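To keep things clear, I will list the structure first and then write my remarks on it.
In the numbering used here, the protein residues as written are 86 to 484.
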């Protein structure tokens with residue numbers, strides 16, 4: 086408690102919180118002080134009803150997520166609260182290189198000597214105690230709140246994660262580190278995840294934290310892998326009842342990519358009926374790339390049309406398409422095929438969406454808690470191609 090006698094000419098007693106709220110720094114508009122560095126944000130106390138987790142899974146999180154920037158230097162938050170219930174320690178091996186000049190000939194006996202940058206060093210392996218956050222199975226750690234020396238880890242329970250969440254922030258504010266930390270906790274707890282990375286760095290970072298016992302659960306979809314491309318067929322269906330849904334999904338993808346002004350009603354008509362024609366043939370499974378071939382290769386079109394059993398699709402081909410003049414076809418068909426040029430000419434994408442069978446199913450990923458990591462690096466495959474693959478993947482997840 087603190088006593089003040091000059092406040093309204095009477096004696097008052099204040100606690101720490103009351104005293105802190107009594108005095109204010111100069112206002113930056115009326116009595117500006119150049120010696121004061123104004124904060125960009127304000128730290129608030131954590132809510133009193135934060136969840137407390139108890140089912141410790143045996144793993145410890147360290148690294149950037151457990152660092153705190155103080156006075157221009159990086160220090161571990163957790164070293165200041167080693168006895169907190171949410172803080173644990175782990176032992177890691179640490180390599181130490183010492184110049185041989187610091188040892189006598191007798192001391193060098195039995196030592197391992199390595200060469201680096203033209204100099205010789207003595208290599209020694211020691212141990213280091215590292216503080217970190219405990220990983221609990223009944224929830225996920227989001228971060229920590231430190232307010233007036235009160236340390237409060239912030240968790241999200243499992244039942245709360247069944248709702249949708251949206252993580253936003255400026256570049257460099259820690260979104261990727263935040264998502265990486267959540268992914269690590271899920272992987273360590275034996276849960277399944279699907280990580281879609283349009284840049285590639287986050288996907289590679291998460292791979293480094295997968296334990297050996299979960300190696301068989303990993304599916305790494307790297308769109309930039311030329312040697313072993315993994316198939317992803319949007320038009321892969323098990324029965325004709327799925328055809329309408331798949332075609333509608335494909336139409337929505339192209340609408341989002343090109344807009345209704347470019348991919349208008351007339352192109353949509355050609356695209357939909359062409360796709361439905363292809364999906365009727367279960368003996369020769371189609372891919373998205375076959376849509377253009379259907380309209381540019383007459384013999385291929387005749388072969389596919391013989392397999393059509395849908396009366397509406399057959400009627401469009403026999404009456405609407407057959408009655409079109411050559412001039413109209415020459416205007417629409419090249420305009421439609423132009424939308425596929427980016428995918429047909431890119432070998433990486435063609436080898437992925439041109440395979441009739443997908444390398445994995447999302448049903449298997451979800452039911453068996455697989456770890457699906459999708460690397461859609463725009464710098465390697467192009468922004469438009471990354472957008473197409475991303476939309477196909479999201480479409481398959483929701484269906």
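We treat Cβ as the ideally placed atom computed from N, Cα and C, and that holds for glycine. Small disclaimer: the values here were computed from a predicted structure and weren't measured.
Here the segment 388-408 makes contact with the segment 361-369; the two share three or more CB pairs at distances below 8 Å.
Between residue 348 and residue 340, the CB-CB gap stays under 8 Å.
Secondary structure at residue 422: helix, using DSSP grouped into helix, strand and coil. Put simply, of 215, 388, 328, 236 the residue whose alpha carbon is nearest the alpha carbon of residue 132 is 236. When Cβ pairs closer than 8 Å are counted between the two stretches, the segment 447-465 is seen to touch the segment 272-286, the count reaching three or more. Between the alpha carbons of residue 267 and residue 310 lies a gap of roughly 26 Å. Residue 278: member of the beta strand (DSSP E) spanning 278-282, first to last residue. Here residue 176 carries a strand assignment [DSSP, helix/strand/coil]. The shortest CA-to-CA distance from residue 227 to any of 304, 314, 136, 293 is the one to 136. For the pair residue 359 and residue 379, the CB atoms are nearer than the 8 Å cut-off. Sequence-distant Cβ neighbours of residue 144 in its own chain, meaning closer than 6 Å and more than five residues away, are 220, 273.
Under the three-state reduction of DSSP, residue 227 is assigned to strand. Runs of beta strand (DSSP E) with 3 or more residues, each lying fully within the segment 300-345, are found at 303-307, listed in chain order. Contact between the segment 310-326 and the segment 430-448 is present, with at least three C-beta pairs closer than 8 Å.
In the DSSP assignment, residue 237 falls within the unbroken beta strand (DSSP E) covering 235-242. The three-state reading of DSSP puts residue 139 in coil, since its state is none of H, G, I, E or B. Here DSSP, grouped into helix, strand and coil, assigns residue 189 to coil.
Out of 458, 460, 453, the CA that lies nearest to the CA of residue 276 is found in 453. Put simply, of 247, 175, 387, 334 the residue whose alpha carbon is nearest the alpha carbon of residue 474 is 334. The beta carbon of residue 242 sits closer than 6 Å to those of 136, 224, all from its chain and outside the five residues before and after it, given in chain order.
In terms of Cβ geometry, residue 478 and residue 456 do not form a close pair [threshold 8 Å]. In this model, residue 483 and residue 233 are separated by some 45 Å (Cα to Cα).
A contact between stretches requires three or more CB pairs, one per stretch, nearer than 8 Å, and the segment 245-264 fails this requirement with the segment 418-428.
In the DSSP assignment, residue 438 forms no beta bridge with any residue. In this structure, DSSP gives residue 197 an extended state, which the three-state scheme calls strand. Annotated as proximal: residue 171 and residue 238, with beta-carbon spacing under 8 Å.
In this structure, the CA atom of residue 201 is about 20 Å from the CA atom of residue 189.
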